[in-house]
Structure formats: structure tokens, C-alpha cells
Amino acid sequence: MDLTVNGEARTFGGDPDMPLLWYLRDELGLTGTKFGCGAALCGACLVHVDGVPSFSCITPMAVADGAEVTTIEGLSSDGSHPVQVAWRELNVAQCGYCQSGQMMQAAALLAETPEPTDEDIDAVMSQNICRCGTYPRIRAAIKRASGQEDA
Amino acid sequence: MALENISRRAVLMGMGAGALVLALGIPARAQEEEQKFGADAMPHGWRDDPRIFVSISPEGVVTVTVHRSEMGQGVRTSMAMVLADELEADWAQVRVAQAPGDEPTFGNQDTDGSRSLRHFFGPMRRAGAAARQMLREAAAAEWGVPMDEVTAENHVLRHEGSGQEAGYGEMAARAAELEVPEREGIVLKTPDQFRYIGKDDLELIDNPAIVMGTTIYGIDARVDGMLYAVVARPPVLGGRVASYDDSAALEIPGVERVIAIDSPDLPSGFQPLGGVAVVATNTWAAMRGRDALQIEWEDGEHGSYDSEAYRATLEEAARSTDGAVIRNQGDALAALAEAPRRFEAEYYIPHLAQAPMEPPMALARVENGRAEIWACVQAPQVTRVRVAEKLGLQPEDVTVNVTLLGGGFGRKSKPDFVLEAAVLAQEMGQPVKMVWTREDDLHHSFFHTVSVERLEAGLDENGRCTAWLHRTAAPTIGSIFAPDPGQKLPFELGMGLTNMPLDIPNVRAENPQAQAHARIGWYRSVSNIPHAFAIQSFIDELAREAGRDPRDYLLEVIGPAREVDLAEQGDVWNYGEDPGRYPLDTGRLRRVIETATEAANWGREMPERTGLGVAAHYSFVSYVAVVAEVEVSDTGEVRIPRVDIAIDCGPHVNPDRIRSQMEGAVIMGTGQALTTQITFAEGRVQQDNFDSYVVPRMDTSPREIHVHLVGGEDPDQPLGGVGEPGLPPVMPAITNAIFAATGQRIRALPVGDQLRT
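So the sequences go chain by chain: H and V. Residue 76 in this note's numbering sits at position 76 of the first sequence, with consecutive numbering throughout. Residue 233 in this note's numbering sits at position 233 of the second sequence, with consecutive numbering throughout.
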């Protein structure tokens, strides 16, 4: 299986059923993508596969064959993506564990919908769980990143 | 009684003796000499030596060593900002190093009980101030001028008279040679000189790494030659493997070995549950290998545990009259018998699992008579000692590196998962990463207890409450360490029951027997959850019965501003703090209620099927009130447009992190009110993952959360806790609001489908 991860060409000869998550983490050492449920229920593992937000915990390597994969480590080279900037400015994170997935989800949302409404944000971001309860700041950060400042 | 294991999270003042003394109504404290409080009473106490906590490189980079675990409460930022403030360090040049588990060096490391800043604000200030003094002394010697003419401000040392100036880095080596000044001679800043403390604009120290995905949690630790393991554990507490067949598992490519781990006898404390481990070259292979195991389990004594049936058992206990009397003022039984109006209600609060987003994870390497651990632990020193015992090593031969914790909420206070990694690494002769799946986490937590709280009250002709009887029946955390006493420990009772301030002449509380059938453990705010839910719901019920406004009635029941005599009420704990320094001040409780209700515009006209609910609670020596606004649809769906939460935790060291903790508590509490619970059938947890263990998501969380920081005007007032006290009043505020909206009283959590039509 050949794929591109954060712009680098990669080849994998292992179990085609292995979820992309464990390939990224165990084989490539890209640990920014997190494990939270293994069942597409929490979004901690969210990456972009050919630009589409995808739960890497249920994406088999066979499906990732030929794809361009972007992880949090590849969202920007220097932390300058508007989502990363807004996340820092608003101190969104508490423990931070789910935030890679949250930021990848938010980045995909903004790519698709540059000025999301509250309903757009709810619909997309409710795929991701944050047990610390950072949702109000995630919402505010998405609005800031999209240039729609909340008062 | 073997108690030494228990004392980690809370100073348990005599599980046996204290409880007996209490039952006789004699304050335990009177009998003890020179009782210690606060950080002094914790294992290994505190340190304030700047040589332990701060280093400065020749380039001027200030590295603050933080010895408490970061799990989202912001402790790495807050501890560093306190030290950096007194040091007059430039925040841009401050870094944090995480201390390994080593309490003799760093002081107490139990990151729990909402007490990191409460216990280390003073020591960190002194460490920073001492280091600043040493830098000034070094510069004075270098320049040949009197020290009191040398200033240290924002990373720069200056002597105005001679115009000399130096960065901290230039004087660091020289300063390091100096004696640390005597504690008494250290001059702390006055609050008006604070550069970071109390300010709202400081960026989290780990933000840059978090947004790049480069932070290291337990799951992220890696060393060369590392293998990965998962374990199939007995599904029932006390169960063990009867037989297993690993032939199919060993066929899976990548699976290296299958290893049986003995199950411990009960009570099993922090020991691993045993089972069958699969060790593989990657996580996926280990998981597939586990799926391929064929295991016959022997369930043991808890194999019939059914939480629904157990609710009836608890209810029966709560109706019995032979429970231990744990609080007794006046004559509640006589007053109840005489009261013209009498009410009773029973409340049920289910088991919960902490479910941190990062499940328990640990990496262990055991070689040459030494062990090195990398793990997401709240209590690294406990971990170190337990690993040493398990492997037959001395604690000095064990290094516990503390990673970031992807959430903790009490689960990661227990090192069972680290012990698994250590045993497997020793067995394999290779480093092993222990991976817990979400199913493992939910099935094998140390669960929040399950409670039935029965309350009875008598009201006089004017609706005033004259008698109060509270019976609490719930398995105790003590059951994991010692043969089940069937009764709550003083610290559990001191979480909102024996210390609940009530301006009622006749108050009695009893604690009937309840046996544990699951591993019970600490969950954020612990026994405050059932106590606050029951008491704050019941006060709302009484207000309605009396035809009174719930806020006014709550204030009346709490009574006028005063300092409560905790010992007289039967509370011997007060969160480990000196009641002289930390009196329970009902004026502060009243003020948070007034603040939250005013902010929520309490008393306003509400549209149909919407309502406001209020609740307040004292815990972790802080005061919190919550007002929830709910809407209930015709089909029984609950929406929460707005929550106001007011906290008085004394001076606000890091206001932004107080706010974030309150926001998080409101959201976690929303789940506990509406959807979150663990149930058991045939001894097995019935929830497997986030599809059945339903925690709040963005669209089911309150849309607006307004946090109000109250108090803190007196900089000398001691600090209260922040991480936990926000949670307890959230659930009753929501269910009281549901009553206001619908007239339907919720007495069992979660709401679930109780409102569905």
C-alpha cells in the first residue's frame, strides 16, 4: 500500500485491515493523532484523507491506499493555521488530548463552510467528544478562526 | 486494620476509631494533640527550596519543575506562573519540566482533592522569591554594590547608581553557588506587584505543543524495542480465568506471546485485575490477538451483581432505622413526629466511570534491576512504590516519568494499569506499552459509588423547616482496601453531609450498611455528587411545598451569615484543612447564590416548558452556586440554553483556568444529569463505549455558560479548591429547573427517558 502522509510518500506492507490510526502512531510515530474509542464515536483520531475528515480508527490501510493523509502534525508547518492560532488565543485546551481531532474537524469544517453558523458548528463538531468540556471555547475559536468574532 | 494504603487521596482520620468516636458524638479532634492540616498533613508534605523547583540557563531560560500532574486543570501553567511571578521572570522565557515520582524530594504529589495550588501556592511563591533574592545577591557581589540597591524586574537585574545591568542568565551560575536565604527572610511581593498571578491573559504553557500535536501523553511514550499489550480481564470483580485457549491468538501475525496474569484476592486495592495478556509488535495485532482468545471465566462472589436489583437493596437500607448515627443536633425524630407537615423523598445516583479521553496507558522498561515507567498517573509516588513492591525492587530503583494526562478525573490516581505494564515488561525482557481500549476503561474503572439518599423533613405552620433526617446508603471506597466495612468513611461523609450547613434546629443523619460489588473509587468531587443532588433537590421540593421561592427558601435553610461549627456537626475532616483557617462561612455560600441568581435574572417570567433551577454546595473548601435554564420539549427533550455558575475559591490565582474548570464542570454535570451512567448485570458493566456511555457532546451541552468569580478580595485568605467543587451543584440545578419547567420531579439520575412522552 502506497500513501502520502503530510506530504511524504510512504509504503506499508503489513495487515491491510490495520486501521490507519495505528499505522500513523505505531509505525510512523506520528502520535498527534489520538485513540479514544476505536469505533468512530469520539473523533480523537480524526485526520484528513484526501481532504475529507475521516475517523482513522476505523479506516483500514487498504482504504488509505493511494490516499493523501494529513494529520495534526501536517495541518501547518508552523502552527499558523487559523484554527491553531485561535485555539491558542482562546486557551481552548484543558487536557488537550482530544484537541488534535477537534482542530482537524474544525479545519475541515472551515474549508467546506468558511463562515459556519452555530447550527453548522453543532452539526459537525458534535462528532467529537471532549470530556473536559471545552465546547464553548471550541465554538468561540471556530468563530474567531472564521473571522466571525463573538462580541 | 491495614490502613496505610488508603491515605493517598484523602487523609482519612481513623477509619475505625474516628468513626466510632463520631458515633458517640465526641469530636475526634479534641482527643488528638498537635493535629496537622493541609499540606503538612499530606505524605511528604511540601518543599519550597528554589534549587528543587527552578533552574536558569546561561541564556536566561527559566525552567520551573512542576511536581503535580497535568490533566487539564492547568497546573503546569499555574504553578509555573506563581513561581515566575515572584521570580520576576519573563513568561516568554519560562519553560516547565515535569518532575518524576519522588515525594521525598518534591513534597506531596497526589494530584487530587483540588489542592495543588491550595497547598503549593505559598511554597512556589517562596521558591520564586528566594531565587530572585539569590540573583540580586549574585549581581550585588559581582558589581560590588549593596544588594538592596539591586533590582530584579522582568528578567533584568539592575543597579541604578552605577547603571549596571544584567540578564538573569548572566548571573545564574553565580547565584546557584549561594546559600538559599532563610525562609523568614524571604520578601514576597505585595498583590499590587503581581505580574501574572490573578491576571487573565496568560497563555497555557503547553499550548504551542498541543496545537502542533507534539505533546506526549501516556499513550504517546515510545522507546526502542517496545512491544504493545492488551489484557482480557475478568468481567466481574473478583473473577478469574478458569481456562483459556490461545492457539488462534498466537496465529495472528505480530502476536509475540500470550501471558496469563494472576487475579488478586479481594479486596484488591490498586492491584491489576489479572486475566490474559496478549503482547504484540503493534497495538492492532495485540487487539486482534485478544479478540481471538477463548477464555472461560470463573465469576466469583460478585457474579450476580445487578445494579437495578441493588437499587432496591439500597432503598431498603435507607428505610431502615438501625444505621449508624453520623450527625445529630437537637432531636430530629421527635421534631419530625410533632411537625404539622412532613415530607420524604428518596434519590438515586448511579455508578459512573471517569472515562478520561485518554484511557489508562503506561509504558514500562525493566532491565538490570531497574524499572523505568512512562505513564499518565495522578499519583506518581504511589506508582513508584507499588511498582517496586510488584517487581521486588526498591523505590529508588524505579523511575516514574509523568506524561501529560489525557484527562484523569480520579481514574489515574490508581496505578493498576502501570503495574500491568511493569509485570509484562519484566516477563518479556523488553519494554511494553500497556494499552487500554475504551471498553477496558468502562468495564474496569474504579467506579463512582451508587447511592440512595433518603430525606425526611418536618415543616411548621409557616413552612419553615424544623426537622431534617438524612439517611445515606452507598458502598464505600474503603471496600477496595479492607474487608468491606459497609459504611462510608469520615471523609466521604464529610463531602457535603456532615459538613452541610443547615439552619435547622433538629438535624440527624444516619449511614446504614451497604456492601460493594464493584471496584469503588474516586470520581471528580466524589461523595459530594449524591449528597449535593439529594440535599439540593429536597430543599427545592420543600420550597415548592411551602409555596416559597426556591432561592429564598435555600437561603433561609442555609441561614444567616455565620461560621459553622463543623466539629459540633460531626465533621472531622474539612478536606484536611484547619477549620480555624478554613471556617465554613455561610456568608460566602449565600453570596455565590445571590451572584448566580442575579446574573441569571432569577424570578423573571419564563415561557411555558422552560424554567430556572438553583443549587449551591460547599466542597473542597470552596463555595459554588449554579443556576440552570432549561427548555423541555413536548416530547421530553431537555435543552439547556444557559447556565450561570458562581464560585468563591478565595483569591483567584489563574482566573482563566478557574473559568475553564467551571465550564468543564457544568458540561460534565450536564451529562450526569441527563444521560451518563454505568449499570451492571450479572456482575458485568453493560456499557461498552461512547454509544452506550453517553457523555455530553457540543449539541447536548449548555449553549452558554457564564462563570462568575466571587470573592478573593482578601489576598491573605487561604485558597480553596477549583477542579472539583464546580460539579456537585450542577445536577440538582438542572433537575430543579426541569421541575420549574414541567412540574416533574427527577429523583433518579440520569434523567434518561423519564420525561419522554
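Just so you know, even glycine gets a beta-carbon here, dropped at the ideal spot from N, CA and C. Values in this document were obtained by computation on a predicted structure and should not be read as measured data.
- Considering only V/496, V/467 and V/729, the residue with the shortest C-alpha distance to residue 508 of chain V is V/467.
- A residue is called buried once 16 or more other Cβ atoms fall within 10 Å of its Cβ, and residue 442 of chain V is buried on that count.
- Looking at V/373, V/525, V/236 and V/328, the one whose alpha-carbon comes closest to that of residue 305 of chain V is V/236.
- Of the candidates V/401, V/707, V/398 and V/633, V/633 places its Cα closest to the Cα of residue 742 of chain V.
- DSSP, read as helix, strand or coil, puts residue 278 of chain V in strand.
- A contact is defined here as three or more CB-CB pairs under 8 Å, and the segment 582–601 of chain V fails this definition with respect to the segment 685–698 of chain V.
- Residue pairing for residue 472 of chain V: DSSP places it in a beta bridge opposite V/453.
- Taking C-beta atoms as the reference points, residue 132 of chain H and residue 407 of chain V count as a pair closer than 8 Å.
- If you ignore the 5 residues before and after residue 135 of chain V, its C-beta comes within less than 7 Å of the C-beta of 152, 157, 168, 171 and 175, all in its own chain and listed in chain order.
- Nearest CB-CB separation between residue 91 of chain V and chain H: not below the 8 Å threshold.
- Ranked by how close their Cα comes to the Cα of residue 739 of chain V, the residues V/536, V/567, V/702 and V/358 have V/536 in first place.
- Inclusion of residue 489 of chain V and residue 216 of chain V in the CB contact set at 8 Å is not warranted, their separation being larger than that value.
- Against residue 695 of chain V, the close residues of chain H are 129 and 131, in the order they occur along the chain (beta-carbon pairs closer than 8 Å).
- By the rule that beta-carbons nearer than 8 Å mark a contact, residue 253 of chain V touches chain H.
- The beta carbon of residue 64 of chain H lies closer than 6 Å to those of 3 and 20 in the same chain, with the five residues before and after it left out.
- Of all C-beta pairs linking the segment 569–586 of chain V to the segment 476–487 of chain V, fewer than three are shorter than 8 Å, placing the two stretches out of contact.
- Contact with chain V is found for residue 79 of chain H, since one of that chain's Cβ atoms lies less than 8 Å from the residue's Cβ.
- Of all C-beta pairs linking the segment 71–79 of chain V to the segment 99–109 of chain V, fewer than three are shorter than 8 Å, placing the two stretches out of contact.
- Closer than 8 Å to the CB of residue 185 of chain V there is not a single CB belonging to chain H.
- Separation of the CB atoms of residue 363 of chain V and residue 421 of chain V is rounded to 6 Å, and the pair is thereby assigned contact status at 8 Å.
- Residue pairing from DSSP places residue 229 of chain V in a beta bridge opposite V/279 and V/434.
- Taking a beta-carbon distance threshold of 8 Å, residue 62 of chain H does not count as an interface residue toward chain V.
- Looking at H/98, H/9, H/17 and H/113, the one whose alpha-carbon comes closest to that of residue 47 of chain H is H/98.
- With respect to chain H, the C-beta atom of residue 355 of chain V has a partner C-beta closer than 8 Å.
- In the structure shown, residue 611 of chain V adopts extended strand secondary structure according to DSSP, grouped into three states.
- When Cβ pairs closer than 8 Å are counted between the two stretches, the segment 190–205 of chain V is seen to touch the segment 78–98 of chain H, the count reaching three or more.
- Restricting attention to V/192, V/522 and V/472, the CA atom closest to the CA of residue 713 of chain V is found in V/192.
- With a cut-off of 8 Å on Cβ pairs, the segment 699–718 of chain V is in contact with the segment 628–647 of chain V, counting three or more such pairs.
- Distance between residue 6 of chain H and residue 414 of chain V, taken at the CA atoms: about 38 Å.
- With respect to chain V, the C-beta atom of residue 7 of chain H has no partner C-beta closer than 8 Å.
- Residue 205 of chain V carries a coil assignment under DSSP once its states are collapsed to helix, strand and coil.
- Per DSSP, residue 322 of chain V lies in no alpha helix (DSSP H) segment and is marked neither H nor E.
- Residue-level contact check: residue 413 of chain V does not touch chain H, since none of the beta carbons of chain H fall below 8 Å from its beta carbon.
- Contact of residue 58 of chain H with chain V by beta-carbon distance below 7 Å is absent, the smallest such distance being about 12 Å.
- Taking a Cβ-Cβ cut-off of 7 Å, the neighbours of residue 699 of chain V in chain H comprise 122 and 126, given in sequence order.
- If you look at residue 736 of chain V, you'll find it in the alpha helix (DSSP H) that goes 730–742.
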